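Asks: The structure is given below, and queries will be raised subsequently.
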Amino acid sequence: MAAAESYPDDLKYHREHDWARIEGDEATLGITWYAQDSLGELVHYEPPDEGSTLSKDGPYGEVESVKAVSDLISPLSGEVLAVNRKVVDEPETVNEDPYGDGWLVRVRIGDPSEVDGLLDAESYRKLLAEQ
Amino acid sequence: MKLIYERSEAGRRASALPTYDLPAVQVPEELRRTEPPRLPEVAEPELVRHFTELSSRNFGIDTGFYPLGSCTMKYNPRVNERVVALPGFRDLHPLQEEDGIQGALELEWRLQEILAEVCGLDAVSLQPAAGSQGELTGLLLMRAYFADRGELEQRRKIVIPDTAHGTNPASVTMTGFELTGVKTDARGNIDVEDLRAKVDERTAGLMLTNPSTLGLFDEHVEEIAAIFHDAGALMYYDGANLNAVCGISRPGDMGFDIVHINLHKTFSQPHGGGGPGGGPIAVRKSLEPFLPVPAIVREGDVFRLDYDRPRSIGKVRGYTGPFGVFVRSYAFIRAYGPALKEMSEVAVLNANYLLARLKGAYELPFDRLCMHEFVLSARRLKREHGTSALDVAKRLMDYGFHPPTVYFPLIVPEALMIEPTETEAKETLDAFCEAMLAIAREAKDQPELLKEAPHARPVRRLDEVKAAKRAVVKYGFEEHPDLSIGAAEATAVEAPKGV
Amino acid sequence: MTHPYLSLTDADRDEMLAAIGVASIDELFREIPTGVRFSRALDLEPALSEQEIVEHLERLAAKNVHTGVELSFLGAGMYDHYVPAVVDAVLSRGEFLTAYTPYQPEMSQGVLQAIFEYQTAICELTGMDVSNASGYDGTTVAADACFVAKHVTGRSKVVLCEALNPQVRQVVKTYAPGFGLDVVEVPHRGGTTDPDELRVAARDAACVIFQQPNFFGCLEPAPDLAAAANDAEALAVAHVDPISLGVLEAPGRYGCALAIGEGQGAGNYLSYGGPHYGFLAARSEFIRRMPGRIVGETVDAAGERGYVLTLQTREQHIRREKATSNITTNQTLLALAGLVYLTWLGPQGLRELGETCMALGEYAKERLGLPLLFPERATFKEFAVRVGRSGRDAIREARSQGVHPGYALGRDYEGLDDALLVCVTEKRSPADIDRLAEVLGR
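Each protein sequence line maps, in turn, to chains A, B and C. Quick note on numbering: the first sequence equals residues 43 to 173 in the numbering used here. Quick note on numbering: the second sequence equals residues 2 to 500 in the numbering used here. Quick note on numbering: the third sequence equals residues 284 to 725 in the numbering used here.
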């Protein structure tokens with residue numbers, strides 16, 4: 043069952059349709075409702091290795107539906123602490139709950155100043171409206 | 002229906018082999034097969050019934066109209082099957098000595114000469130196994146050509162328009178080049194201004210399908226060729242749409258240096274449900290030294306395999322290529338001779354006739370005369386009635402037609418790419434138009450008819466998402482899963498289907 | 284006069300031109316710039332009638348010396364195995380023959396299910412988890428395997444055994460610069476590959492490709508070769524003869540990552556080298572790196588079983604420049620022939636066929652009485668002998684007596700000018716072998 047459209051106010055957003063939930067010096071990353079809706083039902087998640095390093099704006103993995111492949115773009119630099127195994131096994135979790143059970147990785151934030159450069163929910167919604 | 006493995010019964014077999022009274026020979030124990038492969042065990046009658054039943058669940062050009070855009074599904078003459086089965090061709094070993102293959106070499110040499118004339122170029126290699134391998138070979142020729150001139154390090158970029166087949170960018174990656182995209186203008190031609198900004202001394206070449214996958218002849222092709230040649234770069238012609246222009250306009254005369262020809266499209270090799278094909282390449286004189294070995298050459302009345310080509314890129318496939326494909330295509334061309342031009346003319350006439358009849362009911366993104374195919378958009382049906390190009394495609398099946406290519410080219414939303422070919426009768430074209438027009442009406446009045454289509458095929462709409470999520474790619478015997486458990490809806494996917 | 288392959292009458296054409304709103308066919312081409320319009324007739328020979336086509340091609344075919352007129356012991360990668368009538372019968376069905384790739388599954392359940400059955404047969408033969416729907420031939424699947432290995436391992440060296448078919452090695456070398464691969468060859472030692480030497484060569488390699496039975500017909504110590512590759516964390520790739528897999532162990536059971544091969548001998552005619560099919564199968568962990576089409580099982584809207592092309596995001600029409608391969612056209616019809624053939628044989632037939640080829644091989648070695656090139660090695664279907672003179676001379680002499688005695692190894696291997704590779708399939712009876720012995724003897 044697909045989730046209803048939403049862009050929670052407590053998250054930070056990247057213009058490539060990725061989100062970050064900042065919790066101290068750690069962050070949880072995922073893709074937005076808009077991203078999962080354009081891809082359709084996900085059938086595969088190719089995660090990064092735990093312990094690997096993400097660089098801001100760089101690709102860190104892939105998600106696939108039957109008709110498309112999308113690079114996952116990291117909103118922040120950091121080190122991968124955990125990969126969501128539930129999404130590896132059941133990729134459709136992202137469609138069902140993109141901001142909850144459908145998170146993709148947890149990272150230790152490499153450069154806290156990068157957080158300020160991300161969009162808030164209102165700016166991201168504005169960006170979508172322009173598309 | 003059952004899988005052949007589900008018809009299997011231990012103790013049955015379809016073969017009786019010759020037995021010779023010879024001592025048995027043992028395989029060394031460490032190399033010996035431990036468990037036999039679970040191949041089917043059926044007697045011959047059951048074998049024939051199984052595959053006949055399978056064939057009844059398949060649709061070919063022999064079954065009916067197959068307007069799959071960019072695939073050139075024309076009638077495959079039966080005489081070609083007769084000649085390919087002549088023992089002199091069928092039972093000929095590719096490593097036979099040269100005096101025992103003179104007929105094969107003569108046929109290959111003759112086909113090379115014909116393709117050179119049709120393409121307006123100087124030399125041909127028949128070796129590539131398919132169009133995509135022709136592309137790869139052509140790009141390897143570019144590498145060799147620039148390496149020979151000391152420019153390989155410098156020339157990294159291949160320019161490809163946004164209408165291109167996916168094979169073009171994939172071939173670019175596989176040959177170590179970098180991709181540069183170029184846009185399409187409002188008339189469906191390459192955007193020449195965009196192009197100018199992207200071609201420089203780092204450019205190796207252009208890959209272009211002309212007419213394009215929109216079915217449109219690029220009106221600026223001479224200017225485009227000049228831009229590339231002035232920059233010292235090469236022009237590659239993707240011959241997927243050559244069926245539009247035989248005897249009408251030749252790639253070599255358009256300025257292309259390398260061409261691949263899809264023998265299974267233009268020259269009627271039956272495609273066999275996915276292959277075989279043939280992808281010969283034709284090149285300008287300056288590229289001939291780099292062609293694959295062996296070259297097939299004529300010396301007086303004798304034909305030879307020439308391996309002495311020191312600058313050759315090497316071999317791209319075993320032996321001299323898919324010979325049976327050459328026999329069929331050669332026979333096909335000999336049935337036309339110079340009237341290949343009429344073949345292309347009628348292909349273009351048929352396409353324009355369909356276009357004229359359908360453009361009122363579907364959107365036409367580029368309102369021009371088309372060549373051998375054209376692209377409509379079902380965007381309006383989708384917006385107004387929620388019925389997509391995919392739904393139109395599935396509904397066409399109920400009318401007895403194979404659907405066109407859908408969701409390609411990528412620049413046209415809800416694309417329906419229609420290619421009738423030259424072999425269809427006007428009555429068939431009319432019946433197809435009636436079906437397309439009826440479907441446009443159904444979309445308005447009974448959209449569910451489309452969304453739930455097909456209704457008249459051996460299976461209903463198939464669930465592609467389920468197949469991708471749980472990849473069951475072989476029979477599992479005792480452990481074979483039952484995928485019908487939990488089946489709710491079948492999700493077919495709106496992604497490119499065709500080309 | 285209307286051409287027999289065209290269906291429009293003159294009246295049809297006039298009506299259609301009127302509907303389009305142009306005065307002539309020529310006007311349909313008005314958007315082609317005049318500078319690139321072709322202004323003369325194509326310089327091709329005049330059209331032939333069907334009867335004339337047959338006569339012309341019969342004349343060409345008659346200039347070839349095929350296995351029906353010459354007693355042939357030529358193999359070296361292409362094999363004169365018997366092709367049963369059921370293969371011809373199935374392949375002549377227009378529903379299979381004249382179909383395109385099964386993009387629309389509801390129109391193409393026949394070929395999709397057949398490919399699924401083919402994939403199953405290849406997995407059973409090789410002991411692998413996943414097979415694609417076929418590659419072009421036994422050479423290009425080797426290049427495909429290298430591309431898979433490069434992406435899986437991130438390494439760019441590939442190791443080829445010298446006893447791998449020279450045609451296969453040449454094709455890999457042609458593809459290598461584009462893929463960014465360095466090709467290293469490991470020499471054979473007395474007809475087979477030395478596992479220790481291979482282990483050293485495999486260091487930092489993406490993959491190792493060996494052939495079983497190898498080009499000389501010799502049985503490689505395949506499990507040891509696979510172990511040598513695995514020790515170096517290189518993918519072990521076995522290039523196997525499907526006909527041998529009733530008697531020889533499946534590569535999946537001795538540690539190979541991929542199994543590839545030429546399918547011609549299993550259900551395809553020689554056809555002067557093509558079209559045939561190449562097969563490529565792998566362990567399940569590599570499924571997303573596989574090149575080419577793969578058919579998967581699913582269900583339809585009513586819950587009934589059906590088949591579709593699956594995992595298509597690997598492929599060029601979706602992933603474009605990031606695709607696992609550019610392949611689109613494959614060899615489905617020839618792979619279907621392979622499936623029909625393997626069904627015809629069944630497991631029992633496949634084993635018997637392998638045993639017969641081996642027994643005939645041993646009989647031939649003994650009957651010929653010529654020194655074996657690699658006397659220490661067990662062989663399958665083919666073996667190499669020294670003929671005491673140039674191999675090509677021996678071939679010429681034998682052919683003047685209606686026998687083709689085999690392949691001149693000097694064509695590919697230095698120092699083997701006096702060696703012939705002799706192939707015996709089930710189509711060569713002991714009496715045929717006696718005849719060969721008579722002709723090759725001096």
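Cβ coordinates follow ideal geometry from the N, Cα and C atoms, glycine included. For clarity, every value in this text was computed on a predicted model and none was experimentally measured.
1. Can you tell me which of Y419/C, C640/C, D412/C and A511/C puts its alpha carbon nearest to the alpha carbon of S133/B?
2. What whole-angstrom Cβ distance do R566/C and A540/C have, given they're in contact under 8 angstroms?
3. Please confirm if the region 111-121 of chain A is in contact with the region 145-153 of chain A, defined as three or more CB-CB distances below 8 angstroms between the two stretches.
4. Assuming R462/B and A493/B are in contact, meaning their beta carbons sit under 8 angstroms apart, how far apart are those beta carbons, in whole angstroms?
5. In the structure shown, what three-state DSSP assignment does G182/B receive?
6. Under 8 angstroms Cβ to Cβ from C247/B, same chain only, skipping five residues before and after it: list those, please.
7. Drop a sphere of 10 angstroms on the beta-carbon of H456/B, count the other beta-carbons inside from all chains shown, and report buried for 16 or more, exposed for fewer.
8. If we count the other Cβ atoms within 10 Å of its Cβ and call it buried at 16 or more, is G276/B buried or exposed?
9. Can the beta-carbon of R660/C be found less than 7 angstroms from the beta-carbon of I716/C?
10. Is the shortest distance between the beta-carbon of T596/C and the beta-carbons of chain A less than 7 angstroms?
11. At 9 angstroms on the CB atoms, spell out the chain C contacts of V136/A, in chain order.
12. Would G121/B and D239/B be called neighbours here (beta carbons separated by less than 7 angstroms)?
13. At a cut of 8 angstroms, does the region 356-364 of chain B reach the region 462-472 of chain B through at least three beta carbon pairs?
14. Where does S172/B sit, in a helix, a strand or coil, going by DSSP?
15. Considering only residues of the same chain and omitting the five flanking positions on each side of T135/A, which have a CB-CB separation below 7 angstroms?
16. Taking CB distances under 7 angstroms as the criterion, tell me whether N347/C reaches chain B.
17. Please list the residues of the region 597-608 of chain C that have a C-beta atom closer than 8 angstroms to any C-beta atom in chain A, keeping them in chain order.
18. If you run the structure through DSSP and keep just helix, strand and coil, what is Q387/C?
19. By a C-beta neighbour count over all protein chains shown, 10 Å radius and 16 as the cutoff for buried, is E635/C buried or exposed?
20. Could you compute how far the alpha carbon of I492/C sits from the alpha carbon of V366/C?
21. In chain B, which residues lie less than 7 angstroms from K168/A when you measure between Cβ atoms?
22. Leaving out five residues on either side along the sequence, give the residues of the same chain with a beta carbon under 7 angstroms from the beta carbon of G685/C.
23. For R482/C, which residues in the same chain have their Cβ closer than 7 angstroms to its Cβ, ignoring the five residues on either side in sequence?
24. Taking the alpha helix (DSSP H) that G371/B belongs to, which residues open and close that run?
25. Just verifying my parser: in three-state terms, what is the DSSP assignment at Y690/C?
26. Is the separation between the beta-carbon of A232/B and that of T204/B shorter than 7 angstroms?
27. Give the DSSP-derived three-state secondary structure of C444/C in the structure shown.
28. If you count every other CB in all the chains shown that lies within 10 Å of the CB of D258/B, and 16 or more means buried, which is it?
29. Verify the contact flag: K383/B, CB atom, against every heavy atom of the ligand SAM, threshold strictly below 6 angstroms.
30. Does the beta-carbon distance from L357/C to H687/C come in below 7 angstroms?
31. Between the Cα of V441/C and those of A404/C, Y401/C, T381/C and A519/C, spot the shortest distance and give me the residue it belongs to.
32. Could you name the residues of chain B that P506/C contacts, counting a contact when the two beta carbons are closer than 9 angstroms?
33. Apply the 10 Å Cβ neighbour rule to K470/B and answer buried if 16 or more other Cβ atoms are within range, or exposed otherwise.
34. Could you give the DSSP three-state label for A642/C: helix, strand or coil?
35. Looking only at its own chain, which residues have a Cβ that is under 7 angstroms from the Cβ of S97/A, when we skip the five neighbours before and after it?
36. Tell me the residue span of the alpha helix (DSSP H) that contains R718/C.
Replies: So, to answer that:
1. Y419/C
2. 6 angstroms
3. yes
4. 5 angstroms
5. strand
6. V119, T267, L341, K342, M344 and S345
7. exposed
8. buried
9. no
10. yes
11. Under the 9 angstroms cutoff, chain C gives no residues; its nearest Cβ is about 16 angstroms from V136/A.
12. no
13. no
14. helix
15. K128, V129, D143 and G144
16. yes
17. I601, R602 and K605
18. coil
19. buried
20. 29 angstroms
21. Residues of chain B passing the Cβ test: none, with the nearest at roughly 24 angstroms.
22. E353 and L354
23. A511, D514 and A515
24. In the sequence on display, residue 371/B carries Cys and not Gly. C371/B -> no alpha helix (DSSP H), and no H or E assigned at all.
25. strand
26. yes
27. strand
28. buried
29. Absence of the ligand SAM from the depicted structure is noted, as is the absence of any ligand whatsoever, leaving it without description.
30. yes
31. A519/C
32. E31 and L32
33. buried
34. helix
35. S116 and S119
36. P713 to L723
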